[in-house]
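Protein chains: 2
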Amino acid sequence: YKRRTDTGTSLKSVFWGTFVHSTCNEAVQVLEDTAVGVDHEGKIVFIKTGEDVQRVSQEVGFNAADVKQLGKHEFFMPGMVDAHIHASQYSFTGTALDLPLLEWLNTYTFPVEAQFEDPEFAKKIYSQVVRRTLRNGTTTACYFATIYTETTLLLAEIADRVGQRALVGKVCMDRNDGASYYKESTEESMRETDKFITQLLGKGYPLVSPIITPRFAPSCTSPLLEFLGKTAKNNDIHVQSHISENRDEVNLVQQLFPDCKSYTDVYLKHGLLSRKTVMAHACYLSDKELEIFHKTGASIAHCPNSNISLCSGMLDVSRVMKHKVKIGLGTDVAGGYAPSMLDAIRRAIDTSKALTILDPKHQTLTFQEVFRLATLGGSQALSLDDQIGNFAVGKNFDALLVNVSVPDGPIDICNEEDPKVILEKFLNLGDDRNIVEVYVAGRRVVPFDNTS
Amino acid sequence: YKRRTDTGTSLKSVFWGTFVHSTCNEAVQVLEDTAVGVDHEGKIVFIKTGEDVQRVSQEVGFNAADVKQLGKHEFFMPGMVDAHIHASQYSFTGTALDLPLLEWLNTYTFPVEAQFEDPEFAKKIYSQVVRRTLRNGTTTACYFATIYTETTLLLAEIADRVGQRALVGKVCMDRNDGASYYKESTEESMRETDKFITQLLGKGYPLVSPIITPRFAPSCTSPLLEFLGKTAKNNDIHVQSHISENRDEVNLVQQLFPDCKSYTDVYLKHGLLSRKTVMAHACYLSDKELEIFHKTGASIAHCPNSNISLCSGMLDVSRVMKHKVKIGLGTDVAGGYAPSMLDAIRRAIDTSKALTILDPKHQTLTFQEVFRLATLGGSQALSLDDQIGNFAVGKNFDALLVNVSVPDGPIDICNEEDPKVILEKFLNLGDDRNIVEVYVAGRRVVPFDNTS
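Protein sequences appear in the order of chains A and B.
Numbered per UniProt numbering, the first sequence spans residues 1 to 452.
Numbered per UniProt numbering, the second sequence spans residues 1 to 452.
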């Protein structure tokens, strides 16, 4: 640490109090009486537990009066990672949940996404979804936008300006029988993808990167998929898509790609599975398919609200974990109605408990394990766990300051409780009112300043 | 109407705007440009749709300036009915959800309920739960308290003072092998029940009534159940208990009551099933048992959060409705972690959708039907539908003023939407911030005045 300050990366902030996070060994680790120092680049430069404020301040050469000391009912936790969210569907979130996936897309989704050619509409909705998810504690979002390059760049710009870490994807789809007004030609999709990546990388946004985004196998031809696989490989860039969300979709993929052994095989054959790939849903993967995920390092974004709301299926997360496949959580707005990772946590527990009702031998996820999925798990799913996901020296300070006892908040604290109980109350009952501050890369981005 | 004002029951308030409620024929009926008049007893005296404010005011002899006109994003809906909630478990709500029912009771619940002998503790927790549920939109709550008469009377007093309509039950249990420190003798339970009913009725609270509350068959002997059945019948009083929540419990009841044909038969034989009876859970009832419910007029409180959270089971509400059994929703705090009927609505939809995932032929509940369960359905389940449950002349004005677009609220309104879409957004995404006013019997009880 000393070397860092010596070289000029000086301390920006020191926080003192209770820190709750996950490690690979412990689903919930509680660090009480702990000091965390953050430098001007937003990186954690020290974590010191069990000393007093004065001593730490002296040791690190920081004014004790400038240390931010947490209150009795406050703690820091890592910012949450939404591993799958459709920014362009936010306008109808909370509605239109009465049809199964393929009809839902044609009836509700494509007509709305087609509106995003309009920059005014896009700006309004994208600003809303970035601000909403950020104040709900999503410090990193993996976004689907639409097929429109210009407004997808706008989403990236808004995330950068408001201060959310994001992967942003221009949607690629050169096949859409159900709604032919909303698709691209194969050439267009290739050209626009290149343009999108070049332009977004050219912006040099520190927190926002492009992600290659074939919508899903049914809406892409084989040549397009192949091009996207190559582009991902050549640029060492992230990939996202959907897989095995619903039974009809799985059958459709088998029809459309008769030469592929499985849905997973479609993406594998086209070079789209790597450790930088995240696939949403994965409700119906076979053991063989999960093995391919494990081998390629591709990950799963579990979207329990969506899977229930569209009657898609119930993913057995324990089974995924047994296959050592990386897994995080996604809200999947608007198939999932809630733009909130706290909701994703609750619904992941519900789904696991529903599986236990069906089979008492099922290994129910604990709230601690699901907390890890929403933070460290998400960072692993997006291959960003070298940068974010928990509190560790060298990682970014992406963090939520939680106060479970805010005035007019949703939680009553009835007894003296230990931090794990407080965490459980927050995960089950808390909302954005309890997330009093949000930090991304050491910058406080919530409460919003009015210029963003 | 004119006769009413002539006889002196004069108009207290006139509200003008959009009213959303359920009727027996329509799960969601939207009344736009509607005036509702409420008298000084809190009863609805007229509902007039499609006229203007001036004309209505003139017609009913009310100052147009005193008409409360709703804003663009506001509507009134009926107050929600929580048909099953344990006030005494509120202190640990949101925690302790890792054990199945019978272990959960012994480990978490009984030690906490035993604390309610202490009036100070009881006063604190009961005040919290009444205020919390009221601001969450529960205008009527059907409460379990504890075995302690004095503090159960305190819960009734608090509900009366804060202004919540409530049925309040002193818990009866003369058998508790798992936690023998928390039970009564048979005689004590009988004597205290009599005392509780007499004393509570003696208070003359206009909104709060006693309800006879055998905890559930496993914790009551046959003589106690018989006494409670007779007491209910002799006093024409409500009854509540639990039934068929979890498979182990169902088996235990079969062992404890070998002469009874079913769990339902236990309550039937002891005279506890009437049109004033509400039974929580009912996950595993046979068709024959549901027929008994139908014939006796007993009802079910569906508690989906609890049933998932404790891995108890998944009630098929469509099947219950096909048997024409009355059904409402309960939060079942703290087996259900959320003291919010909006959560109960969401979880009821989730459970129905999970059943659809398991069997695509299952008839999924619509959000409209579940909205009805939370309002009119609950009033029917508690046999209070002559007084509350929807907007009808002669019923009490128990109502929520909902604003989906409050500053710093949880909902973004992205487009002009029709009232049904607005309702769906509120049911999926709203919280207490959107419930800007709560009325019980015409009295505005939220926001709280500081004296209550």
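Think of the CB as a built atom: it goes at the ideal place given N, C-alpha and C, for glycine as much as any other residue.
Quick check on B/Gln128 - is its C-beta less than 7 angstroms from some C-beta in chain A? As a position in the second sequence, residue 128 of chain B is number 128, starting the count at 1. It does: the Cβ of B/Gln128 has a partner Cβ on chain A nearer than 7 angstroms.
Within the same chain, show all residues whose beta-carbon is closer than 6 angstroms to that of B/Ile197, passing over the 5 residues directly before and after it, in chain order. The count along the second sequence starts at 1 and reaches residue 197 of chain B at position 197. If we look at B/Ile197 and ignore the five residues flanking it on each side, its Cβ neighbours are Pro210.
Taking only beta-carbon positions, decide if A/Leu207 is within less than 7 angstroms of chain B. Your numbering for residue 207 of chain A matches position 207 in the first sequence. No, its Cβ sits nowhere closer than 7 angstroms to a Cβ of chain B.
Alpha carbon to alpha carbon, how far is A/Val446 from A/Thr140? Give it in angstroms, no decimals. Taking the first residue of the first sequence as position 1, residue 140 of chain A is located at position 140. Taking the first residue of the first sequence as position 1, residue 446 of chain A is located at position 446. C-alpha separation (whole angstroms): 14 angstroms.
Going by other Cβ atoms of all chains shown within 10 Å of its Cβ, with 16 needed for buried, is B/Ala217 buried or exposed? Start at 1 with the first residue of the second sequence, and residue 217 of chain B comes out as number 217. Per the 10 Å Cβ criterion, buried.
Go ahead and pull the three-state DSSP assignment for A/Tyr148. As a working mapping, residue 148 of chain A is identified with position 148 in the first sequence. If DSSP states are grouped into helix, strand and coil, A/Tyr148 belongs with coil.
Start and end of the beta strand (DSSP E) containing B/His84? Here residue 84 of chain B refers to the residue found at position 84 when the second sequence is read from its first residue. Per DSSP, B/His84 belongs to the beta strand (DSSP E) from 80-86.
Mind listing which residues of the stretch 342-357 of chain A have their C-beta closer than 7 angstroms to chain B's C-betas, in chain order? Asp350, Lys353, Ala354, Thr356, Ile357
Where B/Thr49 falls, given that 16 or more other Cβ within 10 Å makes a residue buried: Locating residue 49 of chain B in the second sequence gives position 49, counting from the first residue. Its Cβ having fewer than 16 others within 10 Å, B/Thr49 is exposed.
As a quick exercise: from B/Ser180, B/Ala122, B/Val239, pick the residue whose alpha carbon is nearest that of B/Gly169. Against the second sequence, residue 169 of chain B aligns to sequence position 169. With distances taken between Cα atoms, B/Gly169 lies closest to B/Val239.
Length of the line joining the Cα atoms of B/Asp386 and B/Pro111: As a position in the second sequence, residue 386 of chain B is number 386, starting the count at 1. As a position in the second sequence, residue 111 of chain B is number 111, starting the count at 1. Spanning the two alpha carbons is a distance of roughly 39 angstroms.
Can you give me the C-alpha to C-alpha distance between A/Ile212 and A/Asn235, rounded to a whole angstrom? Locating residue 212 of chain A in the first sequence gives position 212, counting from the first residue. Locating residue 235 of chain A in the first sequence gives position 235, counting from the first residue. C-alpha separation (whole angstroms): 10 angstroms.
Return no unless some Cβ of chain B is closer than 7 angstroms to the Cβ of A/Ile125. By one-based count along the first sequence, residue 125 of chain A stands at place 125. True, the Cβ-Cβ gap to chain B drops below 7 angstroms.
Where A/Tyr1 and A/Val53 are concerned, what is the direct C-alpha to C-alpha distance, given to the nearest angstrom? The residue you call residue 1 of chain A lines up with position 1 of the first sequence. The residue you call residue 53 of chain A lines up with position 53 of the first sequence. Here A/Tyr1 scores only 39 on pLDDT, less than 50, and its place in the model should not be relied on; the value that follows carries that caveat. When rounded, the distance between both Cα atoms is 18 angstroms.
Please check if any C-beta of chain A sits within less than 7 angstroms of the C-beta of B/Lys72. As a position in the second sequence, residue 72 of chain B is number 72, starting the count at 1. No, its Cβ sits nowhere closer than 7 angstroms to a Cβ of chain A.
Alpha-carbon spacing of A/Asp177 relative to B/Pro407, whole angstroms: Along the first sequence, read from residue 1 onward, the residue named residue 177 of chain A stands at position 177. Along the second sequence, read from residue 1 onward, the residue named residue 407 of chain B stands at position 407. Taking the straight line from one Cα to the other gives about 42 angstroms.
Count the other CB atoms within 10 Å of the CB of A/Gly409; is the residue buried (16 or more) or exposed (fewer)? The residue labelled residue 409 of chain A in the question sits at position 409 within the first sequence. So A/Gly409 counts as buried.
Close beta carbons around A/Thr277, own chain, < 6 angstroms, minus the five adjacent residues each side: For the purposes of this step, residue 277 of chain A is taken as the residue at position 277 of the first sequence. So the list reads Val239, Ala298, once near-sequence residues are dropped.
Helix, strand or coil at A/Gln54 [DSSP, three-state]: Translated into positions along the first sequence, residue 54 of chain A becomes position 54. Correct three-state label for A/Gln54: helix.
Could you tell me the alpha carbon to alpha carbon distance between B/Lys124 and B/Thr93, rounded to whole angstroms? In the second sequence, counting from the first residue as 1, residue 124 of chain B sits at position 124. In the second sequence, counting from the first residue as 1, residue 93 of chain B sits at position 93. Cα-Cα distance, rounded: 15 angstroms.
Using a Cβ-Cβ cut-off of less than 9 angstroms, list which residues of the stretch 307-337 of chain A approach chain B; keep chain order. Asn307, Ile308, Ser309, Leu310, Cys311, Ser312, Gly313, Met314, Tyr337
Among the residues of its own chain, which have a CB less than 7 angstroms from the CB of A/Tyr143, if the five just before and after it don't count? As a first step, residue 143 of chain A must be located in the first sequence, where it is residue number 143. Correct list, in chain order: Ile85, Ala87, Leu155, Ala166, Leu167, Val168, Gly169.
Residue range of the alpha helix (DSSP H) that B/Lys269 falls in? Residue 269 of chain B sits at position 269 when you count from the first residue of the second sequence. Per DSSP, B/Lys269 belongs to the alpha helix (DSSP H) from 263-269.
Which two residues bound the contiguous alpha helix (DSSP H) that contains B/His294? Looking up residue 294 of chain B in the second sequence gives position 294. Taken as a continuous stretch (DSSP letters only), the alpha helix (DSSP H) holding B/His294 covers 287-296.
On a Cα-Cα basis, can you pick out the residue from B/Ser306, B/Tyr263, B/Asp259 that is closest to B/Val250? Taking the first residue of the second sequence as position 1, residue 250 of chain B is located at position 250. If we check each option's Cα against that of B/Val250, B/Tyr263 comes out closest.
Where A/Glu424 and B/Phe75 are concerned, what is the direct C-alpha to C-alpha distance, given to the nearest angstrom? Taking the first sequence and counting its residues from 1, one reaches residue 424 of chain A at position 424. Taking the second sequence and counting its residues from 1, one reaches residue 75 of chain B at position 75. Roughly 34 angstroms separates the two Cα atoms.
Apply the 10 Å Cβ neighbour rule to A/Asp412 and answer buried if 16 or more other Cβ atoms are within range, or exposed otherwise. Counted from its first residue, the first sequence places residue 412 of chain A at position 412. When all chains shown are included, A/Asp412 counts as buried.
Whole angstroms are fine: how far does the CA of B/His242 sit from the CA of A/Gln115? Looking up residue 115 of chain A in the first sequence gives position 115. Looking up residue 242 of chain B in the second sequence gives position 242. Cα to Cα, A/Gln115 sits roughly 51 angstroms from B/His242.
Could you name the residues of chain B that A/Cys303 contacts, counting a contact when the two beta carbons are closer than 8 angstroms? For the purposes of this step, residue 303 of chain A is taken as residue 303 along the first sequence, with counting starting at 1. Near A/Cys303 there are no residues of chain B at all, since even the closest Cβ is about 14 angstroms away, more than 8 angstroms.
Are A/Thr356 and A/Thr364 touching if we call contact CB-CB under 7 angstroms? As a position in the first sequence, residue 356 of chain A is number 356, starting the count at 1. As a position in the first sequence, residue 364 of chain A is number 364, starting the count at 1. Cβ distance < 7 angstroms, so A/Thr356 and A/Thr364 count as in contact.
Close Cβ partners of A/Thr366 (< 8 angstroms) along its chain, the five nearest in sequence each way excluded: Taking the first residue of the first sequence as position 1, residue 366 of chain A is located at position 366. Around A/Thr366: Ala27.
So B/Ser91 contacts chain A; which residues on that side make the cut at Cβ distance below 7 angstroms? If you number the second sequence from 1, residue 91 of chain B lands on position 91. What B/Ser91 touches in chain A: Cys414, Asn415.
Ends of the beta strand (DSSP E) at B/Met279? Here residue 279 of chain B refers to the residue found at position 279 when the second sequence is read from its first residue. B/Met279 -> beta strand (DSSP E) spans 277-281.
Go through its chain and collect everything with a Cβ distance to A/Cys414's Cβ below 8 angstroms, but skip five positions before and after it. Translated into positions along the first sequence, residue 414 of chain A becomes position 414. If we look at A/Cys414 and ignore the five residues flanking it on each side, it has no Cβ neighbours.
Quick one, are the C-beta atoms of A/Tyr108 and A/Asp160 less than 7 angstroms apart? Counting from one through the first sequence, the residue named residue 108 of chain A turns up at place 108. Counting from one through the first sequence, the residue named residue 160 of chain A turns up at place 160. Contact: no.
Would a check of beta-carbon distances place B/Gly409 closer than 7 angstroms to chain A? For this step, residue 409 of chain B is matched to residue 409 along the second sequence. No, because no Cβ of chain A sits closer than 7 angstroms to the Cβ of B/Gly409.
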